[in-house]
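Beneath this line is the structure, given in structure tokens, with notes to follow.
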Amino acid sequence: MRNYLTGKERLLVAALAFILPFSFAKAEAREDGKTGQQGWYVGVEGGMPFGFSTFSSFGHDKTHLGWAAGLYGGYRFNSIFSAELSAKYGEMNLSAQDCCVERNYWLGSDGVLYNAGVLGMDSWEYTNLKSHVCMGQYGARVNVHLLGLFPQTADSRWDLAVSPHIYAVTTKADIQTIADDTKVIKGSTNWHLGYGADLQVGYQLTSCLKLGIYSGLTRLTGKRMDGMPEYQHKNNFLWESGIRLGINLPFTNPHP
């Protein structure tokens, strides 16, 4: 794992080393000393998260659609870089994957995986269970606006950004029956470090309003987000896509 992270860090440093000279050059090229779309902004975002852990949003029974909504605020430094803080809450359901159903796994009331029902203890077949996950995400992202790298597109109303992010993530997973949502195991709140990146496409509707879409992955450290025993499946990440509506604040240098 350490070698993997080191490789990612080297890639990030190399990318920044390539991008930074463009950023400084564009800043110096402005006659008025300003860098175009510079200033503060806030916004709202809402999306559809999918979870991948021992259970998955793409379960054996159906695809479970989640929801998430939150607020963000940030500062646009120049045509290339901006940074944001955000807070978001969401919920999703995950169910067993086909391979676990085919192996006829059972979950005991002690939270342990079994290959059959356990005598003298409540237990449930994986095929009859789902994990209802509540989650909060609190963190920061850096946006690299790719169109700002080129003079021909630096002042375009369109925006294409790659956004590495790091979050503190809380998850609480209750195990329920698929048939009637009966809670069979109550979950506890777990904290995770979440890291990943988004791809964003946006359009400046007016000098104040910006509409965009995003899609990205967030890998979670620590315990399983779904509250299930770890076995076979090592995944523990989120994939979320959604829309964003941003507002430039009055003391911002707006888009021309």
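Mapped onto mature numbering (1 follows the signal peptide of the UniProt record, and there is no 0), the consecutive letters of the sequence shown carry residue numbers -27 to -1, 1 to 229. The C-beta atom is built at its ideal place from N, Cα and C for all residues, glycine as well. Nothing here was measured: the structure is a model prediction, and the numbers come from that model.
Whole-angstrom distance between residue j and residue i, CA atom to CA atom
i           : j      : result
Tyr140      : Arg192 : 10 Å
Ala69       : Glu213 : 20 Å
Thr144      : Gly109 : 7 Å
residue 238 : Cys107 : Outside the displayed range of the chain (-27 to 229) lies residue 238, so it cannot be described from this structure.
residue 284 : Ser30  : Nothing about residue 284 can be reported from this structure: the residues present for the chain run from -27 to 229 only.
Ser82       : Ile158 : 7 Å
residue 233 : Ile220 : Since the first and last residues shown for the chain are -27 and 229, residue 233 lies out of range.
Gly19       : Gly63  : 9 Å
Asp154      : Gln177 : 43 Å
Lys183      : Phe123 : 21 Å
Arg76       : Gly93  : 22 Å
Ala(-1)     : Asp147 : Confidence at Ala(-1) is low in this model, with a pLDDT of 40, below 50, so the placement of that residue is unreliable and no value is reported for it.
Gly43       : Leu211 : 16 Å
As assigned by DSSP and simplified to three states, the class of residue i
i        : result
Cys107   : strand
Glu75    : helix
Tyr48    : strand
Gly121   : helix
Asn101   : helix
Thr(-22) : Interpretation of Thr(-22) is limited by its pLDDT of 48, a score under 50 that renders its predicted location unreliable; no figure is taken from the coordinates.
Asn209   : coil
Ala127   : coil
Asp132   : strand
Arg197   : coil
Gly169   : strand
Residues near residue i by beta carbon distance below 6 Å, same chain, minus five either side
i      : result
Asn116 : Ser55, Ala134 and Ser136
His206 : Thr27
Leu80  : Trp97
Ile186 : Val174 and Ile216
Pick from the options that is closest to residue i, judged by C-alpha positions
i      : options                          : result
Asn88  : Arg49, Gly185 and Tyr204         : Tyr204
Val85  : Leu184, Gly200 and Val142        : Gly200
Lys121 : Tyr14, Ser52, Gly175 and Arg217  : First, the amino acid is wrong: residue 121 is Gly here, not Lys. When each option's Cα is compared against that of Gly121, the closest is Ser52.
His118 : Trp79, Gly19, Ile148 and Phe50   : Phe50
Lys196 : Asn209, Ser30 and Asn66          : Asn209
Lys35  : Ile148, Asp147, Val91 and Lys103 : Lys103
His105 : Ile151, Leu211 and Pro202        : Ile151
Nonlocal neighbours in the same chain, by C-beta distance under 7 Å from residue i, ignoring five residues either side
i      : result
Tyr111 : Ala60, Tyr140 and Ala141
His33  : Ser68, Ala69, Gln70, Asp71, Val74 and Thr100
Leu38  : Met21
Cut-off 8 Å between Cβ atoms - residues of its own chain near residue i, not counting five sequence neighbours on either side
i     : result
Leu58 : Tyr45, Gly46, Gly47, Gly112 and Ala113
Three-pair Cβ contact test at 8 Å for the region 186 to 205 versus the region 155 to 175: yes
Any 3 or more C-beta pairs closer than 8 Å across the region 120 to 133 and the region 82 to 101: no
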